[in-house]
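S.K.: Residue numbering for the sequence shown follows this note's numbering, starting at 541 and increasing by one per position.
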Amino acid sequence: MSLSVALRHAFPTVEIDMAFEAPMPGVTVLFGPSGSGKSTVINAAAGLLRPTACRLAVNGTTLADTAAGIWLPPEKRRIGLVFQDSRLFPHMSVETNLRFGLRRSGGGPIGFDDVVDLLGIGTLLRRRPHTLSGGERQRVAIGRALLAQPKLLLMDEPLASLDAARKAEILPFLTRLKTALSLPILYVTHALDEVARLADTLVLVEAGRVTAYGPVSAVATRADLPIAQRDDGGALLLCVVEAHDPARVLTLLRGGGAGFWVPLMDAPVGSACRIRIPAREVILASEPPHGISLHNIIAGSVRQTAADHAARTVMVEIGLPDGALLSRVTPDAVARLALLPGAPVLALIKSTSIEVLGG
């Protein structure tokens with residue numbers, strides 16, 4: 541099962557020419573700067589924009605194929621759509637807003653009570669939208685979209701209008717959503733923290749073109765891509781909890797073919813999580829250090845380096861048995877350690893520098 545997208549369309553300021561495929565179910569994130577064409581993909585997928593050329597297929601069902609003369613109208617695509625603003629009906633209660641989506645669908649496998657529990661909105665049902673916080677309104681908007689029984693959920697920067705506190709409030713619910721429902725989601729953002737928490741497949745978009753796409757853990761750690769060169773760039777690894785060591789107040793995670801010690805977690809052995817390791821927190825060494833406080837000394841080899849001339853630094857991509865790390869170092873460090881492709885290297889990482897995210 542997969543999501544297949546290909547479209548071409550010319551605007552006065554940018555010419556869109558994109559194509560990508562992603563496995564389903566899962567969250568496919570379109571990531572790139574404003575004006576790069578991300579929302580164009582959303583509008584075309586929803587049937588709100590008819591591009592010059594377009595082909596869209598979800599799990600083998602063709603929703604649009606301009607070459608073949610296929611163009612399903614929006615109401616026949618069974619697509620849920622969530623925008624930056626919640627677009628709730630102000631004169632209706634939360635419950636009536638939710639049941640509006642359910643009535644339009646005619647019923648389906650996604651139940652009212654299940655959505656209310658999943659999004660934690662049971663206490664909001666009698667309230668009107670103007671009494672809700674921004675995060676609460678977006679949770680209700682997501683619930684209404686889910687109750688329309690969609691075959692594909694489109695989310696166009698749903699957190700962009702929220703402040704940091706409201707964003708932190710809603711992200712755990714989005715993480716729960718992606719694991720609880722076998723529903724394909726196409727998600728647009730230019731925020732790296734949303735990519736790290738939610739993406740299964742990452743599609744990088746710039747100036748109307750797809751620059752790279754694939755599993756998020758692979759794309760995010762390519763030293764030659766702009767996402768890695770950001771100040772907040774880093775590696776993203778899918779992990780499982782392997783063991784706890786209460787005496788040392790540590791937990792061992794396994795991911796990318798390596799083990800990572802982090803501060804003790806309250807999670808069962810075998811449970812899934814993902815970790816993010818900022819490139820600026822990874823120190824490189826040619827031999828094991830002695831008498832040092834850090835717990836993680838990860839053996840790997842240099843895959844490639846990419847110079848950031850503006851910052852006068854070099855991004856080093858370190859290959860692991862089943863993944864990669866990134867380290868931002870100086871050109872002098874590259875020369876002193878002879879960090880050429882294929883060279884063995886040790887990555888030194890403090891346990892407290894590893895960000896443990898949802899599954």
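Note that beta-carbon positions come from the ideal geometry of N, C-alpha and C, so glycine has one too. All values reported here derive from a predicted model rather than from experimental measurement.
Provide the residue span of the beta strand (DSSP E) that contains Ala550, from first to last.
M.R.: First-last of the beta strand (DSSP E) with Ala550: Ser542 to Ala550.
S.K.: Assuming Leu693 contacts Ala685 (C-beta within less than 8 Å), just tell me the rounded distance between them.
M.R.: The Cβ separation is near 6 Å, so the contact holds.
S.K.: Going by C-alpha distance, which of Leu621, Leu776, Met805 and Ala798 is nearest Leu790?
M.R.: The candidate whose alpha carbon is nearest that of Leu790 is Met805.
S.K.: Helix, strand or coil for Pro786? Go by DSSP, reduced to three states.
M.R.: Of the three classes helix, strand and coil, the one that applies to Pro786 here is coil, per DSSP.
S.K.: Within 10 angstroms of its Cβ, does His835 collect 16 or more other Cβ (buried), or is it exposed?
M.R.: Answer is buried; the Cβ neighbour count reaches 16.
S.K.: In its own chain, which residues sit with a C-beta less than 6 Å from the C-beta of Met595, not counting the 5 before and 5 after it?
M.R.: Residue identity check: residue 595 is Arg in the sequence provided, not Met. Closer than 6 Å at Cβ, skipping near neighbours: Ala546 and Asp605.
S.K.: Here's a check: name, in chain order, each residue in its chain whose Cβ is nearer than 7 Å to the Cβ of Thr580, leaving out the five neighbours to either side.
M.R.: Once the five neighbours on either side are set aside, the close Cβ partners of Thr580 are His549, Ile556 and Leu589.
S.K.: I'd like the list of long-range same chain contacts for Ala807, defined as Cβ closer than 6 Å, with 5 residues on each side in sequence excluded.
M.R.: Within the same chain, Ala807 has close Cβ partners Val781.
S.K.: In whole angstroms, what separates the C-alpha of Ile725 from that of Arg852?
M.R.: Each residue's Cα considered, the two are about 38 Å apart.
S.K.: Where in the region 809-886 do unbroken runs of the alpha helix (DSSP H), each at least 4 residues long, occur, reported from the N-terminal end onward?
M.R.: The region 809-886 contains these whole alpha helix (DSSP H) runs: 871-876.
S.K.: Alpha carbons only, please: which of Ala825, Glu709 and Val874 is nearest the one belonging to Ile661?
M.R.: It is Glu709 whose Cα lies nearest to the Cα of Ile661.
S.K.: Return the residue from the list Leu570, Ser544, Phe551 and Pro573 that minimises the CA-CA distance to Ala562.
M.R.: Nearest of Leu570, Ser544, Phe551 and Pro573 to Ala562, Cα basis: Ser544.
S.K.: Going by C-alpha to C-alpha distance, which of Asn637, Asn583, Pro755 and Leu642 sits closest to Pro613?
M.R.: Of Asn637, Asn583, Pro755 and Leu642, the residue nearest in Cα terms is Asn583.
S.K.: Under a three-way DSSP split, which group does Glu615 fall into?
M.R.: Looking at Glu615 - three-state DSSP - the assignment turns out to be helix.
S.K.: For Glu782, verify whether its CB is less than 7 Å away from any heavy atom of the ligand GDP.
M.R.: The model depicted lacks the ligand GDP and carries no ligand whatsoever.
S.K.: Which word fits Ser722, buried or exposed, when buried means at least 16 other C-beta atoms lie within 10 angstroms of its C-beta?
M.R.: The residue in question, Ser722, is exposed, as its Cβ has fewer than 16 Cβ neighbours within 10 Å.
S.K.: Whole angstroms are fine: how far does the CA of Pro573 sit from the CA of Ile747?
M.R.: Note that residue 747 corresponds to Ala in the displayed sequence, not to Ile. Taking the straight line joining both Cα atoms gives about 9 Å.
S.K.: At which residues does the beta strand (DSSP E) containing Arg595 begin and terminate?
M.R.: Looking at the DSSP string, the run of the beta strand (DSSP E) that includes Arg595 is Ala593 to Val598.
S.K.: Only counting runs of 3 or more residues, tell me where the beta strand (DSSP E) segments fall wholly within the region 661-697, in order along the chain.
M.R.: Listed in chain order, the complete beta strand (DSSP E) runs (minimum 3 residues) inside the region 661-697 are 692-696.
S.K.: With DSSP as the reference, label Ile894 as helix, strand or coil.
M.R.: Ile894: coil per DSSP, three-state reduction.
S.K.: Buried or exposed: which applies to Ala798, given that a residue is buried once 16 or more other Cβ atoms fall within 10 Å of its Cβ?
M.R.: Buried is the call here.
S.K.: How would you call Phe571, buried or exposed, if buried means at least 16 neighbouring beta carbons within 10 angstroms?
M.R.: Buried, since its Cβ has 16 or more Cβ neighbours within 10 Å.
S.K.: Confirm, please, whether the CB-CB distance from Pro565 to Ile619 is below 8 Å.
M.R.: It is not a contact, given that the beta carbons lie outside the stated cut-off.
S.K.: Look at the Cβ atom of Ile894, then the Cβ atom of Ile817, and state whether they are nearer than 8 Å.
M.R.: It is a contact, given that the beta carbons lie within the stated cut-off.
S.K.: Do Phe629 and Leu638 have their CB atoms nearer than 8 Å?
M.R.: No, the Cβ-Cβ distance between Phe629 and Leu638 is not below 8 Å.
S.K.: Could you tell me the alpha carbon to alpha carbon distance between Leu860 and Arg788, rounded to whole angstroms?
M.R.: Each residue's alpha carbon lies about 26 Å from the other.
S.K.: From this set, Val655, Leu886 and Val842, which residue's C-alpha is nearest Glu827's C-alpha?
M.R.: Comparing Cα positions, the closest option is Leu886.
S.K.: Look at the alpha carbon of Val802 and the alpha carbon of Lys616, and state the distance between them as a whole number of angstroms.
M.R.: When rounded, the distance between both Cα atoms is 48 Å.
S.K.: My guess is that Gly898 and Pro755 are in contact by the Cβ rule of under 8 Å, so how many angstroms apart are they, rounded?
M.R.: Wrong, their Cβ atoms sit about 17 Å apart, outside the cutoff.
S.K.: Are Val896 and Leu879 close, meaning C-beta to C-beta below 8 Å?
M.R.: Going by C-beta atoms, Val896 is not nearer than 8 Å to Leu879.
S.K.: Just mark Phe551 as buried or exposed, buried being the case when its beta carbon has 16 or more other beta carbons within 10 Å.
M.R.: It counts as exposed.
S.K.: Could you name the residues of the same chain whose beta carbon sits closer than 6 Å to that of Val809, not counting the 5 residues immediately before and after it, in chain order?
M.R.: Here the set comprises Val781.
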